[in-house]
Amino acid sequence: MSGDGSWRRVSREGRRFLHGRYRSLRRLALWSLLESAHTFLGGYAVARALDDGFLAGRTGTGLGWLAVAGAGALLGALALRGVFGGLADLVEPLRDGLVRRSVRQAIRRAVADPGRAGDAGAVSRLTQQTEMARDSFAGLVLVARSFVFTALGALLGLAALDPVLLVLVLPALLLGTAGFLATLRPMARVQRAALDVDEALSGLAGELAAGLRDVVACGGGASAGAPVERLVAEQERLTGRLAHWSALRTLALGVAGRLPVVALLAGTPWLLGRGVSAGAVAGALTYLVQSLLPALDALMTAVGAAGTRLLVVLDRFCTPQSDSDAATTAPAVAPGPTPGPGVAVELRRVWFAYGPRAQPVIDALDLTVGAGEHLAVVGPSGIGKSTLTALIAGLLPPGGGTVRVAGAPARGVTAQGVTAQGVTGPGPDLRRTLLPQQAYVFTGTVRENLTHLCPGPVSGAEVERATAALGSDGLVDRLGGLDGAVDPARLSPGERQHLALTAAYLSPAPLLLLDEATCHLDLRTEERAERALAARPGTLVVVAHRISSAARADRVLVLDGTRAVCGTHAELPARSPLYRDLVGLWNARG
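See the structure below:
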């Protein structure tokens, strides 16, 4: 954090947020009182069952007190149900407020500096950080509330059994808690610095992606990568500092969570000598082991992780954010088996997730695409179609398994010709060309836009044959012929896609990847373009947004969650309920 000012700023915003939500807080408190009763009865009933029941020879009384303890457990379950009902009244308004604030901040920055309208840090705050704040706040409220009322019930129970029990338990609890609290601010400062680096990496990654073609063409890879190396080194340093403070926090947890039990057991002879009953000692041990110490451990874990993370994220919404240059790195792909002859793409047990704790987008996928094959990929939005093409293009490293293109790893030093704009530049890797939904068109002549994927000169006759095959000759004529000027801002999305598809047709790459690269074209133009690209020598993989596109393919890969089914258009309705539904919806639309 940036000093005490950040803490005061977040505290002020927190009080403002809670103001007017006293009704929700009262509801949580009332339900939590039942949790205190449950905790109190848990230890007190055990003590009475021993002293007044079993040790006194009255088995029925002992069983009765144990039944009271069981009733207390039912109270705890009822309390937890009510707590979850009231938690949403606090959590959802927080997330909604952060989303609105993030949007307002991004708009203000875009108005003040139009060049920052595409700020990737704003995207991180709007998506990842708002959800991080929401989840952290929910967990923190749940655990903190539970600890307060559990501790209340346990301490009252210890006092009711015998106040001298508190003398043995409280010092160790307070010592460990104090040591834990001392680590909060340093850890928060480190986590804030880590978020700064994360946003900087995100921001520079977007900038480099937008100009990667020019960086490669100009040989500026070393200078463009220098900020990446600095930020990666900074991340490594911050990770070491976090590990240092985490170790101290773990020590404090051990003192607060284990030392009270040791003190109670070691002091049992002294307690019995002072007239404390065996049942009271057993009840005190029950309070510690089953209630107080688990609640304290959960609280410290939540505050140390979710609490500091929440504090850092909230402070980022309360203060202006700075920018840093950044980029991303990725691990190398493990070697895999060499594909057989005639194989263009091979995936073996490929796994990928956008984060260490995220659900996998692609899980254990095996796929072989033959040389010259036309494959369509279909599935609901967000299911992983673009992720699959990015893995094949070498833009993303698989979390597990191998991805091979033309017999070599898809990602490596030769993949520098593949850009986030989705095309293979005149770099050393001419194995594939990726066209995304947002077609890459640059200021220059029509000829330059159509031939920039070719490593050597292309004759006018070849270009004319390509424009005729793709049906883009009319567009070329409207732009003033091959020597006409191209202004990307004056082209419609469909026109940009038409030029990019023609450039891909002229590309020598034997593998074309179209990630909804025809979504802005009408049905007739899309069909003509796809048929021309499929007839071109090489392999075609199309992320299809229309079933008519899938019907033209040799095979169709259906992504459904982490499941995948591959087959022909004719056989898939019987094998895939999702594809059957997609075909039915398409036919119903006419």
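The sequence shown begins at 889 in the working numbering and counts up one residue at a time. Every residue, glycine too, gets a C-beta built ideally from N, C-alpha and C.
Using the C-alpha atoms, what's the distance from Pro-1345 back to Arg-1378?
27 Å
Do Asp-1442 and Glu-1261 have their CB atoms nearer than 8 Å?
yes
For the stretch 1066-1080 and the stretch 1152-1163, state whether three or more C-beta atom pairs, one from each stretch, are separated by less than 8 Å.
Cβ pair count under 8 Å is below three, so no.
Counting only the same chain and skipping the five closest in sequence on each side, list residues whose C-beta sits under 6 Å from that of Pro-1398.
Around Pro-1398: Gly-1426.
Around the C-beta of Tyr-1242, are 16 or more other C-beta atoms found within 10 angstroms, so that it is buried, or is it exposed?
The residue is exposed, with fewer than 16 neighbouring Cβ atoms inside 10 Å.
Which residue from Gly-1332, Thr-1339, Gly-1295, Arg-1335 puts its Cα closest to that of Arg-1319?
Among Gly-1332, Thr-1339, Gly-1295, Arg-1335, the Cα nearest to that of Arg-1319 is on Gly-1295.
Is the CB-CB distance between Thr-1413 and Gly-1359 below 8 Å?
yes
Could you tell me the distance, in whole angstroms, from the CA atom of Arg-1440 to the CA atom of His-1457?
Taking the straight line joining both Cα atoms gives about 8 Å.
Is the CB-CB distance between Ala-1183 and Ser-1034 below 8 Å?
yes
Applying the criterion that 16 or more other CB atoms from any shown protein chain within 10 Å of the CB defines a buried residue, is Asp-1375 buried or exposed?
Looking at its Cβ environment, which holds fewer than 16 other Cβ atoms inside 10 Å, Asp-1375 is exposed.
Return yes when the Cβ of Leu-1400 is within less than 8 Å of the Cβ of Leu-1387, no when it is not.
no
Go through the stretch 1153-1185 residue by residue and report every complete run of the alpha helix (DSSP H) that reaches 4 residues or more, in order.
1156-1161, 1166-1174
Rounding to the nearest angstrom, what Cα-Cα distance links Leu-1428 and Phe-1025 in this structure?
47 Å
Would you mind sorting Leu-1126 into buried or exposed? The rule is 16 or more other CB atoms within 10 Å of its CB.
buried
Taking the beta carbon of Gly-1313 as the centre, do at least 16 other beta carbons fall within 10 Å, making it buried, or is it exposed?
Note on Gly-1313: pLDDT 39, under 50, position unreliable in the model; the coordinate value appears next. The residue is buried, with at least 16 neighbouring Cβ atoms inside 10 Å.
Inspect the beta-carbon positions of Leu-1447 and Gly-1171 and report whether they are closer than 8 Å.
no
Just checking, does the stretch 931-942 make contact with the stretch 910-920 on the three C-beta pairs under 8 Å criterion?
no
So, with DSSP's three-state summary, where would you put Leu-1401?
strand
By DSSP's criteria, Val-1249 is part of a beta bridge. Which residues make up the other side?
Answer is none; Val-1249 lacks a bridge partner.
Write down the C-beta distance between Gly-1230 and Ala-1259 rounded to the nearest angstrom, noting that I regard them as a contact closer than 8 Å.
5 Å
Which of the three DSSP states is assigned to Ile-1330 in this structure?
The residue you asked about is not Ile; residue 1330 is Phe in the sequence shown. Correct three-state label for Phe-1330: coil.
If we call anything under 8 Å between Cβ atoms a contact, is Ala-1438 one with Val-1431?
It is not a contact, given that the beta carbons lie outside the stated cut-off.
Who are the Cβ neighbours of Val-1057 in its own chain at under 6 Å, not counting the five residues just before and after it?
The answer, listed in chain order, is Pro-1148.
Along the chain, where does the beta strand (DSSP E) containing Ala-1066 start, and where does it finish?
Looking at the DSSP string, Ala-1066 is not in any beta strand (DSSP E); the run it does join, the alpha helix (DSSP H), is 1052-1070.
Between which two residues does the beta strand (DSSP E) carrying Gly-1289 extend?
1288-1293
Per DSSP, Arg-1236 is paired with what?
Thr-1290
Determine the direct distance from the alpha carbon of Ala-1140 to that of Gly-1128, and round the result to whole angstroms.
19 Å
From the DSSP output, which residues share a beta bridge with Asp-1410?
Looking at the DSSP assignment, Asp-1410 forms no beta bridge with any residue, so it has no partner.
Tell me which residue opens and which closes the alpha helix (DSSP H) that Thr-1277 is part of.
1273-1281
From Gln-1209 to Thr-1275, what does the alpha carbon distance come to, in whole angstroms?
Low confidence applies here, because Gln-1209 scores a pLDDT of 42, under 50, leaving its location unreliable; read the following figure in that light. Between Gln-1209 and Thr-1275, the C-alpha separation is close to 30 Å.
Ends of the beta strand (DSSP E) at His-1262?
Boundaries of the beta strand (DSSP E) around His-1262: 1262-1266.
If you reduce the DSSP assignment to three classes, tell me which class Leu-1338 lands in.
Note: Leu-1338 maps to helix in three-state DSSP.
Mind checking who Asp-1448 pairs with in its DSSP beta bridge?
Arg-1451
Note down, in chain order, each residue of its chain lying with its Cβ closer than 7 Å to the Cβ of Thr-1174, except the 5 sequence neighbours on either side.
Gly-930, Gly-931, Val-934.
If Val-1088 and Leu-1119 are in contact, beta carbons under 8 Å, what's the gap, nearest whole angstrom?
Note that residue 1088 is Ala in the sequence shown, not Val. The pair is a contact, with the Cβ atoms about 6 Å apart (cut-off 8 Å).
Report the partner residues of Thr-1321 according to the DSSP bridge assignment.
Leu-1400
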